[in-house]
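One structure is given here, and the rest of the page talks about it.
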Amino acid sequence: MRHLLSITDLSVEEIDALLETAADIEANPEAYAHKMEGKKLATLFFEPSTRTRLSFEAAMYELGGHVIGFAGASNSSAAKGESVKDTVRTVGCYADIIAMRHPLEGAPWAAVQAATTPVINAGDGGHHHPTQTLADLMTLKKEKGRLDHLKIGLCGDLRFGRTVHSLIEALSRYPGNEFVMISPRELRVPGHIVADLAEAGIPYKEAEALEEALPDLDALYMTRIQQERFFSPEEYLRLKDSYILDEEKMRLAPADMIVMHPLPRVNEIDVKVDADPRACYFKQVFYGKIMRMALILKLMGETELPPKPGRVLITTGKQCKNPRCISSTEQGLEPLFYPVHQVMRHGQLTRIPTKYVCAYCDMEQV
Ligand code: NCD
31 MRHLLSITDL
41 SVEEIDALLE
51 TAADIEANPE
61 AYAHKMEGKK
71 LATLFFEPST
81 RTRLSFEAAM
91 YELGGHVIGF
101 AGASNSSAAK
111 GESVKDTVRT
121 VGCYADIIAM
131 RHPLEGAPWA
141 AVQAATTPVI
151 NAGDGGHHHP
161 TQTLADLMTL
171 KKEKGRLDHL
181 KIGLCGDLRF
191 GRTVHSLIEA
201 LSRYPGNEFV
211 MISPRELRVP
221 GHIVADLAEA
231 GIPYKEAEAL
241 EEALPDLDAL
251 YMTRIQQERF
261 FSPEEYLRLK
271 DSYILDEEKM
281 RLAPADMIVM
291 HPLPRVNEID
301 VKVDADPRAC
311 YFKQVFYGKI
321 MRMALILKLM
331 GETELPPKPG
341 RVLITTGKQC
351 KNPRCISSTE
361 QGLEPLFYPV
371 HQVMRHGQLT
381 RIPTKYVCAY
391 CDMEQV
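This is the structure in structure tokens:
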């Protein structure tokens, strides 16, 4: 049984094959209209969603299948204290495939321990969002014609923005890509992602000024400041309008640079930019549905296990220090960690004593 928990569960060849299937679905939708007849998708959304949940549901309907589920933890037995594992085990009695979104980081990893169906991570806390990445990759492929040799600017909340984390992981595996990561100091990309880029020798820069980065980009990926992940409301208020892309800033950007955003937008892209032909964020929404159709077909037809990144997992006798990690609340979930050895900050490779990173949420234990 295959699951999609992080984008690295798919090999580059598999992602390329999904893009091909998606192109065929777009060209010949009627050929796919009955592929999932008699099958049920369950959408278990413990957190708010418009696009992700509805695009999964539309995808399943367009494949001829059915949909059950809930939108909001308050509508499920999670409100009575049921664990993720028990919920997923129950839903496996009704559905053939599950798409789940949860506020705790690593929750889908807990789910697969009890799952009898494929599980798709539709967003776990500030951690991963692999199906948004599939939408983003289709957008880049269609609009830029390639997924390699791109200079991508990522701007906004790079700390809690899960779509950014998954997108960096995906594009890192295509040759020649470069990242410019633009954020306030407080919202920089998590250390384990930067360490992975450094280890793989992938060029990246951390910056604070959007204006300086703009003239040199192939794609700009804007993100919302993730209000719901902040511990302090004052900190959110201070950072919420850090970046606003408007017509004036767009004049600094190349004529063929595309603007992406996973949406919802709050204030970070002025609505006047929507009329600019470089604005691609509503195209991303459409591509997301097609890629989810391709993904459902793949997971429902597969039997072998995914290639897993070769990480050695250990127990340390301690709990994960991230209060938003699923291992801090879920019963019967053994805390597991993997070691990391170095981090790169501002172009300098700094050797540090071995640190342990949680296998569920990827937070460094400092
Ligand atoms: C994103 C998410 O939920 O992480 N939205 C989406 O799924 N398209 C981005 C966000 O909420 O800011």
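Just so you know, the sequence shown maps onto residues 31 to 396 in my numbering.
Glycine included, every Cβ here is placed at the ideal spot set by N, Cα and C.
CB contact flag (residue i, residue j, <8 Å)
| i | j | result |
| --- | --- | --- |
| leucine 356 | leucine 134 | Contrary to the premise, residue 356 reads as isoleucine rather than leucine in this sequence. Contact: yes. |
| glutamate 52 | isoleucine 320 | The sequence shown places alanine at residue 52, not glutamate. It is a contact, given that the beta carbons lie within the stated cut-off. |
| leucine 227 | leucine 282 | no |
| proline 205 | aspartate 178 | yes |
| arginine 207 | isoleucine 232 | Reading the sequence as shown, one finds asparagine at residue 207 and not arginine. The answer is yes: Cβ separation under 8 Å. |
| glycine 183 | valine 219 | no |
| threonine 163 | methionine 290 | no |
| methionine 323 | glutamate 92 | yes |
| threonine 161 | glycine 122 | no |
| leucine 240 | lysine 181 | no |
| threonine 157 | histidine 96 | A small correction: the amino acid at residue 157 is histidine; threonine does not occupy that position in the sequence shown. No, these two residues do not count as a Cβ contact at 8 Å. |
| threonine 120 | histidine 159 | no |
Straight-line Cα distance separating residue j from residue i
| i | j | result |
| --- | --- | --- |
| glutamate 229 | arginine 203 | 13 Å |
| glutamate 238 | isoleucine 98 | 44 Å |
| proline 337 | threonine 38 | Residue placement at proline 337 is poorly supported in this model, since its pLDDT is 49, which falls under 50; the coordinates are not used for a value here. |
| glycine 328 | alanine 109 | Before going further, note that residue 328 is lysine rather than glycine in the sequence given. Whole-angstrom Cα-Cα distance: 33 Å. |
| tyrosine 390 | histidine 132 | 13 Å |
| glutamate 394 | isoleucine 255 | 22 Å |
| glutamate 43 | arginine 176 | 14 Å |
| lysine 174 | glutamate 60 | 27 Å |
| alanine 309 | tryptophan 139 | 35 Å |
| tyrosine 1 | alanine 165 | The requested residue 1 is not part of the displayed model; the chain covers only 31 to 396. |
| threonine 253 | glycine 362 | 35 Å |
| alanine 125 | aspartate 271 | 42 Å |
| threonine 73 | valine 118 | 11 Å |
| arginine 341 | tyrosine 368 | 7 Å |
| aspartate 304 | leucine 343 | 46 Å |
| aspartate 54 | arginine 268 | 46 Å |
| lysine 385 | arginine 215 | 22 Å |
| leucine 335 | glutamate 50 | The predicted position of leucine 335 is uncertain, since its pLDDT is 48 and thus under 50; a value taken from the coordinates is nonetheless stated next. Each residue's Cα considered, the two are about 22 Å apart. |
| phenylalanine 261 | lysine 351 | 15 Å |
| lysine 115 | serine 107 | 12 Å |
| lysine 172 | proline 263 | 39 Å |
| arginine 32 | phenylalanine 100 | 23 Å |
| methionine 90 | aspartate 46 | 21 Å |
| leucine 197 | glutamate 67 | 32 Å |
| lysine 69 | alanine 88 | 14 Å |
| aspartate 392 | glutamine 349 | 13 Å |
| aspartate 300 | aspartate 286 | 19 Å |
| alanine 57 | alanine 63 | 13 Å |
Nearest residue (CA-CA) to residue i, options the options
| i | options | result |
| --- | --- | --- |
| leucine 35 | Met211, Ala152, Gly331 | Ala152 |
| isoleucine 150 | Ile326, Ala285, Thr117 | Ile326 |
| glutamate 112 | Leu366, Thr359, Val396 | Thr359 |
| proline 353 | Ile344, Leu197, Arg259, Ala285 | Arg259 |
| alanine 137 | Gln395, Arg218, Thr345, Phe75 | Phe75 |
| phenylalanine 312 | Pro263, Ser85, Glu277 | Ser85 |
| serine 79 | Glu298, Thr384, Val315, Thr117 | Val315 |
| proline 307 | Glu298, Arg341, Val296, Glu277 | Glu277 |
| serine 213 | Ser262, Arg189, Met90, Pro263 | Arg189 |
| aspartate 154 | Thr120, Gly191, Val370 | Gly191 |
| valine 370 | Ala225, Val114, Leu197 | Ala225 |
| glutamate 265 | Asp46, Met90, Leu217, Phe100 | Leu217 |
| asparagine 105 | Gly221, Val296, Arg295, Glu77 | Glu77 |
| lysine 302 | Leu197, Met280, Gly68 | Met280 |
| valine 387 | Gly221, Glu67, Glu87 | Gly221 |
| glutamate 284 | Asn297, Glu242, Ile299 | For the sequence presented, residue 284 should be read as proline rather than glutamate. Here the closest residue by C-alpha is Glu242. |
| glutamate 298 | Lys235, Leu366, Cys185, Tyr234 | Cys185 |
Inter-residue CB distance, residue i and residue j (contact presumed, cutoff 8 Å)
| i | j | result |
| --- | --- | --- |
| alanine 200 | leucine 167 | 6 Å |
| methionine 130 | alanine 141 | 6 Å |
| glycine 102 | lysine 65 | Not really, about 30 Å apart at Cβ, beyond 8 Å. |
| arginine 81 | leucine 293 | 6 Å |
| threonine 345 | glutamate 364 | 6 Å |
| leucine 399 | isoleucine 127 | The shown model of the chain, from 31 to 396, leaves out residue 399, and the question about it has no answer. |
C-beta neighbour in chain D for residue i, strict 8 Å
| i | result |
| --- | --- |
| aspartate 166 | Within the model displayed, chain D is absent; a lone protein chain is all it includes. |
(Q) Quick check for students: name the residue ranges of the alpha helix (DSSP H) that lie wholly in the stretch 78–123, counting only runs of 4 or more. (A) Segments of the alpha helix (DSSP H) lying fully in the stretch 78–123: 81–92, 114–121.
- Item | Inside the stretch 119–182 only - alpha helix (DSSP H) runs reaching at least 4 residues | Annotation note: the stretch 119–182 contains the following uninterrupted alpha helix (DSSP H) runs of length 4 or greater, listed N- to C-terminal: 137–142, 160–174.
* Unbroken alpha helix (DSSP H) runs of length 4 or more, entirely within the stretch 250–325: which are they? -> If we require 4 residues or more, the alpha helix (DSSP H) runs fully inside the stretch 250–325 come out as 263–269, 277–280.
Please give the ranges of any alpha helix (DSSP H) in the stretch 191–247, keeping only runs that are unbroken, at least 4 residues long and fully inside the region. Within the stretch 191–247, the complete alpha helix (DSSP H) runs of at least 4 residues are 192–201, 221–230, 240–243.
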